[in-house]
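In UniProt numbering, the protein residues as written are 1 to 477.
Using N, Cα and C, we set each Cβ at its ideal position, and we do this for glycine too.
Below is one structure; the comments refer to it alone.
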Amino acid sequence: MGRSDVTSTETPAGPVTSPFQSAASAFSLFAKMSEGTVAIDRSGRITWLNGKYRRLLGIADDTVVEQRPIEQIIPESRLREVAESGRPVLLDIMRFGDQHFVVCRLPLRDANDQITGAVGFVFFDRLDYLKPILSKFNRLERELEARRAELAKARRARYSLSGFIGVSKAVRDLKTRARRIAQREGAVLLLGETGVGKELLAQGIHEASPLAAKPFVAVNVAAVPETLMESEFFGVAPGAFTGADRRPRPGKFEIANGGTLFLDEIGDMPLSIQAKFLRVLQEGEIEALGSNDIKHIDVRVIAATSGDLEKKVREGTFRADLFYRLAVLPVSVPPLRERPEDIEHLAERILDELPRGEGLAAWILTDAALQLLRRYDWPGNVRELQNVLERATIEAESELLDAREIGLAVPSGRNVATPAMNDQDSLNLAETLKMAERAALADAIDRSNGDKTEAARLLGISRSSLYSKLKTTGMDG
């Protein structure tokens, strides 16, 4: 090691024929032109570093670098990538400490055209006359780092379990189970209707787990076309198909490596891709589209469905083995209609986050509006509640949201549930009838787009009766 000739090199096993021999003249030319030369074997270990490069790096002793991984000596080196891919990098700028080098990297091949390693040449070590290029390089590098930081931040969980709002026993029990599950390593299957907050709960589980600082990547399986599903989840190798990028494109499993991958609407995954998912869960291995290389990953999967997966298993549209692998830790998320005591707290949080008009301190729900909200069955759950409240604030003429605004905001054709009278519900008959009348009036006006004549027709009353009822219910404003 460190000898000036380039036709052989020493390794712990003794002398071996250098891969440079097949291109000795080209190597000699590059070596003379360069300010430094380094070579590695296929495993990324340094096999040769010439004297000029050692002096450039401030290395006095050959034994310091002998058979060491290239990154231990030159942290920013990408020579290993060239040795692995066989693709040259003809011009690049590399940082070493506070220095910048213009470098060239070439693969090395034997007589059988097999890759045996890679060689790198430093062409410039004084970049004073390249300041414009270097300045642009530094700017692009800063922009790239900023973009990477943004992506890393975007791949973090935004919510914790405390963000899952509710005071009901159902929610308290749910959070307790979620915290226990967060400390486990198995796959999680969240079961619940659309809009109950399954992704928020998944983020909360991730945030409460030892993986909190790692990526959280969410994918709606139903939104991914079947033809793109394999590449979306497992990635694409360079040149995998005509028109494919020459650079590898990582899939969602690789992006989430070390963290959590949330798969919403897992029941919509086609059978053709389920076997590959099962392999990932069982073996922790992925294989990119167009590649024979296997990558090992460590990802926690949290899946969610609003459908009946067990029914799909019986129908043969979902693999039983995949279902049982996903359902190691099942969690049922209760619908909003089963926890009406949470509606007030949810509404307050939602209204706090909605924009307010000029001069308005905060949105305020009247008791009548709140009682009306509690009467609905909310098939769209929390998501529908959020939409209704947002529409109500648009209809509102002040910060007070009354039954009128709520009635106008609820989708047409929806009915108020009959109130169950018990010790916790002290509404008298008159109040109940008044609320129901308000809701019916608001629905008719909404369906008629404000046409009072049409609204009266829908209600089966005269136009004058309609105006009278609007006045007595306070809805004539």
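Report the residue from the options whose alpha carbon sits nearest the alpha carbon of residue i.
i	options	result
E71	R45, L329, R314	R45
I394	R356, W48, E310, P334	R356
residue 486	V38, T176, F216	A query on residue 486 cannot be resolved here, the shown segment of the chain reaching from 1 to 477 and no further.
G316	S272, S332, F101, L372	S272
R391	E341, P379, L49, L408	L408
D98	E207, S34, E76	E76
V313	Q114, L49, G186, G267	G267
L261	E207, A442, A368	E207
I93	V102, R180, A442	V102
E185	M229, H345, D298	D298
R78	F96, V65, T63	F96
L329	A202, V65, S468, A170	A202
F234	D293, L309, L351, K198	D293
residue 509	D308, S209, A327	In this structure the chain extends from 1 to 477, so residue 509 is not present and cannot be described.
I302	E437, P107, E265	E265
R339	I115, S43, Y467, V171	V171
residue 539	P88, E143, A304	The question about residue 539 has no answer, for the chain in this structure spans 1 to 477.
L354	V388, Q371, E341, A327	V388
residue 488	A361, V188, D352, G290	In the structure as shown, the chain starts at 1 and stops at 477, and residue 488 therefore has no counterpart that could be examined.
S43	V65, P69, K311	P69
For residue i, collect the residues of the same chain with a Cβ closer than 6 Å to its Cβ; drop the 5 residues on either side in sequence, then sort them by chain order.
i	result
I364	E399, L400
I343	L373, R374
residue 519	Because the chain in this structure spans residues 1 to 477, residue 519 falls outside the shown range and cannot be described.
S306	E193, T194
G380	G195
Q67	R45
Which residues does DSSP pair with residue i in a beta bridge?
i	result
residue 498	Outside the displayed span of the chain (1 to 477) sits residue 498, for which this structure offers no information.
T305	L191
W48	A39
Q72	According to DSSP, which records beta bridges pairwise, Q72 is partnered with nothing at all.
P107	A118
V89	R105
H206	For H206, which the question treats as bridged, DSSP gives no partner whatsoever.
L96	The sequence given here places Phe at residue 96; Leu does not occur at that position. According to DSSP, F96 bridges with Q99.
R249	V236
P330	L189
E226	In the DSSP output, where bridge partners are listed per residue, E226 has none listed.
E285	H296
L365	L401
Who are the Cβ neighbours of residue i in its own chain at under 8 Å, not counting the five residues just before and after it?
i	result
A396	W363, E405
V217	R155, K252, I255, A256, G259, T260, L261, F262
Q274	F318, R319, L322
L211	G258, G259, T260, R300
E232	V219, V224, G251, K252
L278	R319, D321, L322, R325
D402	T366, A368, A369, G474
Within 10 angstroms of the Cβ of residue i, are there 16 or more other Cβ atoms? Answer buried if so, exposed if not.
i	result
S462	exposed
S162	exposed
V236	buried
H296	exposed
D61	exposed
P225	exposed
V167	exposed
N449	exposed
G58	exposed
E283	exposed
T472	exposed
G460	exposed
D443	buried
P270	exposed
K214	buried
P334	buried
A107	The amino acid occupying residue 107 in the given sequence is Pro; Ala does not appear at that position. Classification for P107: buried.
A368	buried
S426	Unreliable placement is indicated for S426, whose pLDDT of 41 sits below 50; the coordinate value is still reported in the next sentence. So S426 ends up on the exposed side.
A361	exposed
Please return the same chain residues whose Cβ sits closer than 7 Å to the Cβ of residue i, not counting the five positions on each side in sequence.
i	result
G204	Y159, S160, L161, G163, F164, A178
V280	F253, I286
R349	I165
H345	I165, G166, V167
S332	L191, G192
G86	P107, I115
S34	F121, V122, F123
A222	E265, D268
| Between the segment 188-204 and the segment 368-387, do at least 3 Cβ pairs fall closer than 8 Å? | Short answer: they touch.
| Between the segment 75-82 and the segment 109-126, do at least 3 Cβ pairs fall closer than 8 Å? | In this structure the segment 75-82 lies against the segment 109-126, because at least three pairs of beta carbons, one per stretch, are closer than 8 Å.
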